[in-house]
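Visitor: First, the structure itself, so that you have it in front of you.
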Amino acid sequence: MIDRIFCDVDGVLADFVGGVLKLFPDSSATHTDITEWNISNCLGVPNDEVWRRVNAEGIEFWGHLDPIPGALQFVRGLEEIAPVTFATTPSRQPHSAAGKLGWLQYHFGTKRTDGNVVLTSQKHLLARPDTALVDDKPENVGQFLEADDVCAVLFAQPWNGTITDFVSVENSQKRTLKVLDILATVEPAA
Ligand SMILES: [Mg+2]
């Protein structure tokens, strides 16, 4: 029985990678070319340059990310299982946190987001019995699963496609049903 689902934002609901790719118009890379967590390696540019361009956009970068297709449907599906709390990692720049909050309010409404957004990279600190995490970062899933009686689902994306250690859902239009199936049927880890 799951009584709270923590849902990651970037890479699960918000198209962070797509936002970065728009900052490199000379690159022909698409989402499927981003096959590792470090986008800069895939683009062949220094990591500092990626973040210089992201930060130069200010709050607009975070506030204008495209939703990942089916994001609202996905959250609604999660809500059928348990209340959902958004858990997201802001960048070092304060405008990232503000932009993320505005993005969530715009796409999911203040009824869902008021007092219901956790800004942290330490998502394992949220883990307690009967909680679940949906995240596209393998380390977050792995650390969350170290707690007792929790469930965590790796949201499959090209940048985590080689990870096979965790329960994973396909990155397709069927993702909602698959996550629902997983969260509804997987017994909490012993
Ligand atoms: Mg993420």
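If you count by our numbering, then the sequence shown holds residues 12 to 201, one letter each, in order.
Here a beta-carbon is modelled for each residue, glycine too, at the ideal position from N, C-alpha and C.
Can you grab the Cα-Cα spacing for the pair Leu-130 / Ser-38, in whole Å?
Guide: Going from the Cα of Leu-130 to the Cα of Ser-38 covers about 31 Å.
Visitor: Between the segment 46-55 and the segment 102-115, do three or more beta carbon pairs fall short of 8 Å?
Guide: Output reads no: the segment 102-115 does not touch the segment 46-55.
Visitor: By DSSP, does Asp-14 sit in helix, in strand, or in coil?
Guide: The answer is coil: DSSP assigns Asp-14 none of H, G, I, E or B.
Visitor: Closer than 5 Å is what we want: which residues have a beta carbon that near any heavy atom of ligand 1? List them in chain order.
Guide: So the residues near ligand 1 by this Cβ test are Asp-19, Asp-21, Gly-22, Asp-147.
Visitor: Report back the beta-carbon spacing between Leu-54 and Phe-35 to the nearest angstrom; my notes put them in contact at under 8 Å.
Guide: Rounded, the Cβ-Cβ distance is 6 Å, consistent with contact.
Visitor: Could you please give the first and the last residue of the uninterrupted alpha helix (DSSP H) stretch that includes Val-31?
Guide: Start and end: 27-33.
Visitor: Which value, in whole angstroms, describes the spacing of the CA atoms of Leu-144 and Ala-98?
Guide: Cα-Cα distance, rounded: 9 Å.
Visitor: Using the three-state DSSP reduction, which class does Gln-136 fall into: helix, strand or coil?
Guide: In the sequence as presented, Gln is not what sits at residue 136; that position holds Leu. The answer is helix: DSSP assigns Leu-136 an H, G or I state.
Visitor: Might you give, ordered along the chain, the residues of its own chain that have their beta carbon closer than 7 Å to the beta carbon of Leu-137, omitting 5 neighbours on each side?
Guide: Correct list, in chain order: Phe-17, Ala-98, Val-129.
Visitor: If you check the beta carbons only, do Leu-32 and Ala-82 fall under 8 Å apart?
Guide: It is not a contact, given that the beta carbons lie outside the stated cut-off.
Visitor: Who are the Cβ neighbours of Pro-169 in its own chain at under 8 Å, not counting the five residues just before and after it?
Guide: Answer for Pro-169: His-42, Thr-43, Asp-44, Ile-45, Thr-46, Asn-182, listed in chain order.
Visitor: Output the distance between the C-alpha atoms of Leu-165 and Lys-148, rounded to the nearest integer angstrom.
Guide: Distance between the alpha carbons of Leu-165 and Lys-148: 7 Å.
Visitor: So, with DSSP's three-state summary, where would you put Ala-163?
Guide: Looking at Ala-163 - three-state DSSP - the assignment turns out to be strand.
Visitor: Apart from the five residues on each side of it in sequence, which residues of its chain come closer than 6 Å, Cβ to Cβ, to His-118?
Guide: Within the same chain, His-118 has close Cβ partners Pro-78.
Visitor: Please tell me whether Gly-153 and Gly-110 are closer than 8 Å, where the distance is taken between their beta carbons.
Guide: Not in contact: Gly-153 and Gly-110 (Cβ atoms no closer than 8 Å).
Visitor: Just to confirm, is the Cβ distance from Asp-242 to Asp-125 under 8 Å?
Guide: In the structure as shown, the chain starts at 12 and stops at 201, and residue 242 therefore has no counterpart that could be examined.
Visitor: Please confirm whether Asp-14 and Ala-93 have their CB atoms less than 8 Å apart.
Guide: Yes, Cβ-Cβ distance for Asp-14 and Ala-93 is below 8 Å.
Visitor: Per DSSP, what kind of secondary structure is Leu-24 in: helix, strand or coil?
Guide: Reduced to three states, the DSSP call for Leu-24 is coil.
Visitor: For Glu-209 and Asp-59, what's the separation of their Cα atoms in angstroms?
Guide: In the structure as shown, the chain starts at 12 and stops at 201, and residue 209 therefore has no counterpart that could be examined.
Visitor: In chain order, what residues of the same chain have a beta carbon less than 7 Å from the beta carbon of Val-95, not counting five sequence neighbours either side?
Guide: Cβ neighbours of Val-95 beyond the five flanking positions: Ile-16, Cys-18, Val-86, Leu-89.
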